[in-house]
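**Q**
This is the structure we're talking about:
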């Protein structure tokens with residue numbers, strides 16, 4: 011059914027706002043031919059998110075470390091981390107800007123960072139290193155260190171540094187740490203898939219003006235992104 015632009019000024023204005031673009035680009039879109047504007051408005055009118063942003067945040071919060079999926083969804087479908095984060099990324103990228111704002115206002119950035127931090131811990135807990143985004147010990151300060159010779163950055167614990175990848179040296183090591191079992195290969199692959207999808211969610215947020223600002227004001231998110239970019243296990 012054709013959409014009359016003249017009778018849909020409110021919807022058209024809502025569509026322009028959903029694009030999250032500057033005044034110049036918005037003016038250019040307003041100057042498009044009527045048939046193109048009608049097609050854009052039809053697509054916008056027909057598009058609707060599968061679930062609310064609040065529901066997506068709730069699903070992410072339900073993804074606990076050591077478990078790749080929720081016990082059961084409302085439809086009885088196993089909700090894997092990869093599936094939940096993939097659908098969230100698509101929604102962040104394709105839904106209107108109000109959906110993104112609701113995601114941020116509902117604590118989506120914190121939930122995303124928390125899950126990625128725990129997932130990284132799952133993959134690295136058997137190593138003798140622990141990334142700073144997952145280390146919660148008191149009096150343990152870490153940061154991303156850049157060498158003067160432009161060599162790859164690494165993490166330092168403030169007392170000693172190791173030039174090989176990243177190092178987070180804890181003050182105490184549990185006596186049973188050496189007896190921990192290795193993470194099964196299939197399980198590790200699933201966790202890694204979730205991390206990759208989570209990084210795509212970050213990318214979608216960075217493409218939004220408010221999402222970009224909030225991400226850069228969230229130190230743990232920046233550290234998580236940096237670790238996933240530079241650590242060879244997550245590339």
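In my numbering, the protein residues as written are 11 to 245.
Yeah, the Cβ is synthetic: ideal placement off N, Cα and C, and Gly gets one too.
Every value quoted in this text rests on a predicted model; they were computed, and no experiment measured them.
Can you give me the Cβ contacts of residue 116 inside the same chain, cut-off strictly under 7 Å, excluding the 5 residues immediately before and after it?
**A** Excluding positions up to five away in sequence, the list reads 63, 64 and 67.
**Q** Would you give the residue range spanned by the alpha helix (DSSP H) that residue 33 belongs to?
**A** Its alpha helix (DSSP H) spans residues 33-40.
**Q** Measuring only the C-alpha atoms, how far is residue 29 from residue 106?
**A** Rounded to the nearest angstrom, the two C-alpha atoms are 7 Å apart.
**Q** So residue 131 is in the alpha helix (DSSP H); what residue range does that whole segment cover?
**A** 118-134 is the extent of the alpha helix (DSSP H) around residue 131.
**Q** Beta-carbon within less than 6 Å of residue 174's beta-carbon, same chain only, minus the 5 sequence neighbours each way: which residues are those?
**A** With a pLDDT of 36 at residue 174, under the threshold of 50, the modelled position of that residue is not reliable, and the figure given next carries that caveat. None.
**Q** For the alpha helix (DSSP H) containing residue 68, list its first residue and its last residue.
**A** Residues 63-72.
**Q** Closer than 7 Å by C-beta to residue 198: which residues in its own chain qualify, once you throw out the five before and the five after it? Chain order, please.
**A** Same-chain partners within the cutoff: 133.
**Q** For the candidate residues 31, 69, 27 and 92, whose alpha-carbon lies nearest to that of residue 203?
**A** Closest option to residue 203, Cα to Cα, is 92.
**Q** Does the Cβ of residue 46 have 16 or more other Cβ atoms within 10 Å, making it buried, or fewer, making it exposed?
**A** Result: exposed.
**Q** Using only the heavy atoms of the ligand MG, determine whether one of them is closer than 7 Å to the beta carbon of residue 31.
**A** The ligand MG is absent from the structure shown, which contains no ligands of any kind.
**Q** State the CB to CB distance for the pair residue 126 and residue 232, rounded to an integer number of angstroms; the pair is presumed to be in contact (CB under 8 Å).
**A** Not quite, the Cβ-Cβ distance comes to about 12 Å (not below 8 Å), so this is no contact.
**Q** Starting from residue 237 and walking both ways along the alpha helix (DSSP H), at which residues does that stretch end?
**A** First-last of the alpha helix (DSSP H) with residue 237: 229-240.
**Q** Which residues in the same chain as residue 218 place their Cβ atom closer than 8 Å to its Cβ, once the five residues preceding and following it in sequence are excluded?
**A** Once the five neighbours on either side are set aside, the close Cβ partners of residue 218 are 30, 102, 107 and 110.
**Q** Check whether the Cβ atoms of residue 221 and residue 95 sit closer than 8 Å, and answer yes or no.
**A** Against a cut-off of 8 Å, the Cβ pair of residue 95 and residue 221 comes out as no contact.
**Q** Thinking C-beta only, is residue 216 closer than 8 Å to residue 225?
**A** Against a cut-off of 8 Å, the Cβ pair of residue 216 and residue 225 comes out as a contact.
**Q** CB-CB under 8 Å to residue 200, same chain, minus the five flanking residues each way: which ones, in chain order?
**A** Within the same chain, residue 200 has close Cβ partners 78, 90, 91 and 92.
**Q** Buried or exposed, going by whether 16 or more other CB atoms sit within 10 Å of the CB of residue 25?
**A** Classification for residue 25: buried.
**Q** Excluding the 5 residues preceding and the 5 following residue 36 in the sequence, name in chain order all residues of the same chain whose CB lies nearer than 6 Å to its CB.
**A** Answer for residue 36: 26, listed in chain order.
**Q** Taking C-alpha atoms, which residue in 227, 128, 119 and 22 lies nearest to residue 210?
**A** Selected option, being the one with the closest Cα: 119.
**Q** Have a look at 230, 33 and 99 and flag the residue whose alpha-carbon is nearest the alpha-carbon of residue 130.
**A** Looking at the Cα atoms, 230 is the closest of the given residues.
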